[in-house]
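K.L.:
According to full-length UniProt numbering, the residues represented by the sequence shown are 1 to 423, in order.
We put the beta carbon where it would ideally sit given N, CA and C, even for glycine.
Remember, it's a predicted structure, so these values are computed and weren't measured experimentally.
The structure's right below; bear with me while I get my questions together.
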Amino acid sequence: MSRDGDRRTDSGTPRKLWVDESRESERRPREIKRREDGERKRDELRFQETETREQAERKLWVDDKKDSLKKDRTKTLWNGDMEGRKRERTNTKEEKDWDILLFNMFPTNAHKRPPPIKLFDSKLKIIDVNPKNLSENTGSFVIGVLGRKGVGKSGITSSLLSMKKPKGTGIGVDLHVLPEGLMVIEAPPILNEQDNIQHTKMALFLLSVCHIIVLVADKHDLELLNYIKRVDELKSAIDQRDSKKDNLFSNTQYRPHLVYVLNKQEASLNLYNSVKTDFHQILDHSNMVIKNSLPKQSLIITLEQDETYDFNQEQILFHNVESSSNISDIPLEETKEEEINDLPNIILLPDKNDEGWVCERFETALQNFTNQLKGFPRMTTFGGKTSFSTSEKEWFAIAKAANEKINLFEMTWPKAFEFDYQI
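Written out as structure tokens, the structure is:
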């Protein structure tokens, strides 16, 4: 015992001071846990409010569409056919079929798309979607849009949705569901230093659950192609570590189609040939479908003198053409049939080229490209089922299981998600 009467511990520390430090060390974890619980509850309340608002907007959209269709039918039946009007009002099944038929044939209210569904929160954690927001109708088809920041991803998404600007909450990742069964997911920007691991997980998620991956760049980006190759290899690694028979990734019948889009590039065949060479060299041995996915289209180049030349794509895109003063100087020799039947999934959306040839308007070229994506043949998906026999609810169950598998893989092998930028 010391002179002042304080008891000391074996280490010589006053007992009162030692007790205070012990209590402080016990109280600090409780305060941290209480603070984290409070933040989690606030996040849950905020997303519940967002989901409620989305449900209300979706209901208003459906009611507005039905009202507009009823007004059109009322004008048509205003010729005095009261019996026909009565029959139209009473037959609910016929009215429902008529609504669907009119909306598919005359999508005049394209700007009144249903509001998006929140798929991931701000921390890129998947959210349990309300089943009422998903349909049981079969025919779901999913397109994912990937790319760096500011390369034109939103423009392609807007064109797919037939909207000037996609309507979203600005928090997390939205799932846009169209009445014809098309679902569009625009991922956050990849290859940036902030939250790179989370964005890599998002890219892996899209490769696991999307039928088509649209890889967007504003210039030929070798680093981006190598990055998507690494993500595909990571997807294969998950397949090898999981020996279950019902593994979502082990289904060899399911291979996402990759389409490489160069946004607002010059109309240069030399550029196309250079991109094609790198594209095949990097991705030829990947598990993605990288060729023959899009229909063979014509390449139309309009000169300043309003002269239009229409050449078949397979006749000119496989020639190493040197710069010439006139497009008529381009040789149109016959090419090998193997080259014609192996067209890579590369799209150039040009404005103009170095010689000053003015190409078709960018908006027109973009719309033609997205129309090709919408008309894409429905392929085999998970479990050997075609996308025609997969509903939105079934797809979300698959997506949720895939996300859980990715998170489990990250816990067991976290270094696999640490990619180098200079590949």
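1. Measure the alpha-carbon distance for K291 versus G144 and round it to whole angstroms.
2. Three-state secondary structure (DSSP) at M411?
3. Any idea what DSSP makes of H285, helix, strand or coil?
4. Is the shortest distance between the beta-carbon of D37 and the beta-carbons of chain B less than 8 Å?
5. Rounded to the nearest angstrom, how far is the Cβ of K405 from that of I126, given a contact under 8 Å?
6. Less than 8 Å between the C-beta atoms of I398 and V259, yes or no?
7. In angstroms, rounded to a whole number, what distance separates the CA positions of L234 and G172?
8. Going by Cα to Cα distance, which pick from W413, H280, L262 and V289 is closest to F369?
9. Counting beta carbon pairs with one atom in the stretch 179–186 and one in the stretch 141–159, are three or more of them shorter than 8 Å?
10. Provide the residue span of the alpha helix (DSSP H) that contains Q194, from first to last.
11. Have a look at V214, E363, F205 and N226 and flag the residue whose alpha-carbon is nearest the alpha-carbon of F409.
12. Taking the alpha helix (DSSP H) that G147 belongs to, which residues open and close that run?
13. Does the beta-carbon distance from V289 to R255 come in below 8 Å?
14. Figure out for me which residue from A203, K118 and V214 has the closest Cα to the Cα of V151.
15. So what does DSSP say about H280, is it helix, strand or coil?
16. Determine the burial state of L45: buried for a count of at least 16 other Cβ atoms within 10 Å of its Cβ, exposed for fewer.
17. Would you mind giving the Cβ-Cβ distance between N133 and I117, rounded to the nearest angstrom? I have them listed as a contact below 8 Å.
18. Based on Cα-Cα distance, which residue from K415, T390 and Q198 lies nearest to H211?
19. Since N263 is in the alpha helix (DSSP H), which residue starts that stretch and which ends it?
20. From what residue to what residue does the beta strand (DSSP E) around L119 run?
21. Taking only three categories from DSSP, how would you classify L222?
22. Residues bridged to T138 by DSSP?
23. Over the uninterrupted beta strand (DSSP E) stretch that includes L160, give me the two end residues.
24. Exposed or buried, what is P29 when buried is set at 16 or more other beta-carbons lying within 10 Å of its beta-carbon?
25. Between the alpha carbons of L348 and P377, how many angstroms are there, rounded?
26. Hey, L119 and L175: beta-carbon distance below 8 Å or not?
27. Use the C-beta contact count for N403: other C-beta atoms within 10 angstroms, 16 or more gives buried, fewer gives exposed.
28. Going straight from the alpha carbon of K264 to that of D221, what length do you get?
29. Among the residues of its own chain, which have a CB less than 7 Å from the CB of A203, if the five just before and after it don't count?
30. Can you tell me which of the three DSSP states L182 falls into?
31. Do K393 and E136 have their CB atoms nearer than 8 Å?
32. For a test of the three-state rule: what should DSSP assign to V400, helix, strand or coil?
33. Just how far apart, CA to CA, sit H285 and S122?
34. Can you tell me whether DSSP reads D342 as helix, strand or coil?
35. Which stretch, first to last residue, makes up the beta strand (DSSP E) that contains A217?
P.N.:
Based on what the coordinates show:
1. The residue given as residue 291 occupies position 291 in the sequence shown. The residue given as residue 144 occupies position 144 in the sequence shown. For K291 and G144, the distance between alpha carbons rounds to 18 Å.
2. Here residue 411 refers to the residue found at position 411 of the sequence shown. If DSSP states are grouped into helix, strand and coil, M411 belongs with the helices.
3. Sequence index remark: in the sequence shown, residue 285 carries index 285 (1-based). In this structure, H285 counts as coil in the three-state DSSP scheme.
4. Judged by its chain identifiers, the structure shown contains no chain B, having just a single protein chain.
5. For this step, residue 405 is matched to residue 405 along the sequence shown. For this step, residue 126 is matched to residue 126 along the sequence shown. With 8 Å as the limit, K405 and I126 do not qualify as a contact, their Cβ atoms being about 12 Å apart.
6. Locating residue 398 in the sequence shown gives position 398, where the first residue counts as 1. Locating residue 259 in the sequence shown gives position 259, where the first residue counts as 1. Taking 8 Å as the Cβ cut-off, I398 and V259 do not qualify as a contacting pair.
7. Along the sequence shown, read from residue 1 onward, the residue named residue 234 stands at position 234. Along the sequence shown, read from residue 1 onward, the residue named residue 172 stands at position 172. Approximately 23 Å, taken between the alpha carbons.
8. Along the sequence shown, one-based indexing puts residue 369 at 369. Nearest C-alpha to F369: L262.
9. yes
10. On the sequence shown, residue 194 is found 194 positions in, with the first residue counted as 1. Run containing Q194: none; DSSP gives neither H nor E here.
11. Here residue 409 corresponds to residue number 409 of the sequence shown, with the count starting at 1. Measuring from the Cα of F409, the nearest candidate turns out to be F205.
12. Counted from its first residue, the sequence shown places residue 147 at position 147. Counted as a single uninterrupted DSSP element, the stretch harbouring G147 is not any alpha helix (DSSP H) but the beta strand (DSSP E) occupying residues F141 to G147.
13. Numbered from 1 along the sequence shown, position 289 holds the residue referred to as residue 289. Numbered from 1 along the sequence shown, position 255 holds the residue referred to as residue 255. A contact, by the Cβ cut-off of 8 Å.
14. Here residue 151 refers to the residue found at position 151 when the sequence shown is read from its first residue. The residue with the shortest Cα to Cα distance from V151 is V214.
15. By one-based count along the sequence shown, residue 280 stands at place 280. Note: H280 maps to helix in three-state DSSP.
16. The count along the sequence shown starts at 1 and reaches residue 45 at position 45. Flag for L45 reads exposed.
17. For this step, residue 133 is matched to residue 133 along the sequence shown. For this step, residue 117 is matched to residue 117 along the sequence shown. Contact between N133 and I117 holds: CB atoms are separated by about 5 Å, below the 8 Å threshold.
18. Working through the sequence shown from its first residue, we reach residue 211 at position 211. Checking every option, the nearest Cα to that of H211 belongs to T390.
19. The residue you call residue 263 lines up with position 263 of the sequence shown. No alpha helix (DSSP H) contains N263, which is instead part of the beta strand (DSSP E) from H257 to Q265.
20. Along the sequence shown, one-based indexing puts residue 119 at 119. Looking at the DSSP string, the run of the beta strand (DSSP E) that includes L119 is I117 to F120.
21. The count along the sequence shown starts at 1 and reaches residue 222 at position 222. Helix at L222.
22. Within the sequence shown, numbered from 1, the residue matching residue 138 stands at position 138. Note: T138 sits in a beta bridge opposite S391.
23. For the purposes of this step, residue 160 is taken as the residue at position 160 of the sequence shown. It is not in any beta strand (DSSP E) - L160 instead sits in the alpha helix (DSSP H) that spans K153 to L161.
24. Mapped onto the sequence shown, residue 29 falls at position 29. Per the 10 Å Cβ criterion, exposed.
25. By one-based count along the sequence shown, residue 348 stands at place 348. By one-based count along the sequence shown, residue 377 stands at place 377. Whole-angstrom Cα-Cα distance: 22 Å.
26. Against the sequence shown, residue 119 aligns to sequence position 119. Against the sequence shown, residue 175 aligns to sequence position 175. For the pair L119 and L175, the CB atoms are nearer than the 8 Å cut-off.
27. By 1-based counting over the sequence shown, the position of residue 403 is 403. Buried.
28. Start at 1 with the first residue of the sequence shown, and residue 264 comes out as number 264. Start at 1 with the first residue of the sequence shown, and residue 221 comes out as number 221. Rounded to the nearest angstrom, the two C-alpha atoms are 14 Å apart.
29. Along the sequence shown, one-based indexing puts residue 203 at 203. Hits under 7 Å: L146, A187, I190 and V231.
30. As a position in the sequence shown, residue 182 is number 182, starting the count at 1. Residue state, collapsed to three classes: strand.
31. Locating residue 393 in the sequence shown gives position 393, where the first residue counts as 1. Locating residue 136 in the sequence shown gives position 136, where the first residue counts as 1. Taking 8 Å as the Cβ cut-off, K393 and E136 qualify as a contacting pair.
32. What you label residue 400 is simply residue 400 of the sequence shown in a count that begins at 1. The question names Val, yet the displayed sequence has Lys at residue 400. DSSP, reduced to helix, strand and coil, places K400 within a helical segment of the structure shown.
33. Taking the first residue of the sequence shown as position 1, residue 285 is located at position 285. Taking the first residue of the sequence shown as position 1, residue 122 is located at position 122. Approximately 35 Å, taken between the alpha carbons.
34. What you label residue 342 is simply residue 342 of the sequence shown in a count that begins at 1. DSSP places D342 in the coil class of the three-state scheme, outside both helix and strand.
35. By 1-based counting over the sequence shown, the position of residue 217 is 217. First-last of the beta strand (DSSP E) with A217: I212 to A217.
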